[in-house]
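*Asks:* One structure, as structure tokens, below. Some questions next.
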Amino acid sequence: ELGLYISFAGMVTYKNAAEIRDIAQTIPADRILVETDSPYLTPHPFRGKRPNHPALVAHTLEQLATVRGVSTGQLAEQTTDNAQRLFGAW
Numbered sequence: 003e004l005g006l007y008i009s010f011a012g013m014v015t016y017k018n019a020a021e022i023r024d025i026a027q028t029i030p031a032d033r034i035l036v037e038t039d040s041p042y043l044t045p046h047p048f049r050g051k052r053p054n055h056p057a058l059v060a061h062t063l064e065q066l067a068t069v070r071g072v073s074t075g076q077l078a079e080q081t082t083d084n085a086q087r088l089f090g091a092w
């Protein structure tokens, strides 16, 4: 209704982030994004072991896909489409 997008970072992979995972299940597919928030919010299993970097976004994507009951490929395609719609095709 408001046209906003919701983006999830590495926190969604944390054990104590059940509420974030619950929220992730409710976001419409055409409004969800994935981000790194580098160098912060390193996803599990790398949290506390090294700084976050863009390549680790795959771990956030995997967790979100599991929570939403879709494949990582499906979610990757959906979030790419969403990002292109939001920011313009690249």
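Just so we're aligned: 48 in the working numbering is position 46 of the sequence shown, and the numbers increase by one with no gaps anywhere.
Ideal Cβ placement from N, Cα and C applies to all residues, glycine included.
These numbers come from a predicted model, not from an experiment.
Quick one: residues in its chain with C-beta nearer than 8 Å to the C-beta of L88, no 5 flanking neighbours on either side, listed in chain order?
*Replies:* Closer than 8 Å at the Cβ level, and outside the excluded window around L88, lie Y7 and L35.
*Asks:* For G21 and T28, I'd like the C-alpha separation in whole angstroms.
*Replies:* The sequence as given places Glu at residue 21; Gly does not occur at that position. Distance between the alpha carbons of E21 and T28 is about 11 Å.
*Asks:* Nearest to D32 by alpha carbon, out of A85, F48 and R49?
*Replies:* It is A85.
*Asks:* Over the uninterrupted beta strand (DSSP E) stretch that includes V36, give me the two end residues.
*Replies:* From DSSP, the beta strand (DSSP E) with V36 extends over I34 to V36.
*Asks:* Can you list, in chain order, the residues of its chain with a C-beta nearer than 7 Å to that of G5? Leave out the 5 residues immediately preceding and following it.
*Replies:* So the list is empty, once near-sequence residues are dropped.
*Asks:* If you count every other CB in all the chains shown that lies within 10 Å of the CB of N18, and 16 or more means buried, which is it?
*Replies:* It counts as exposed.
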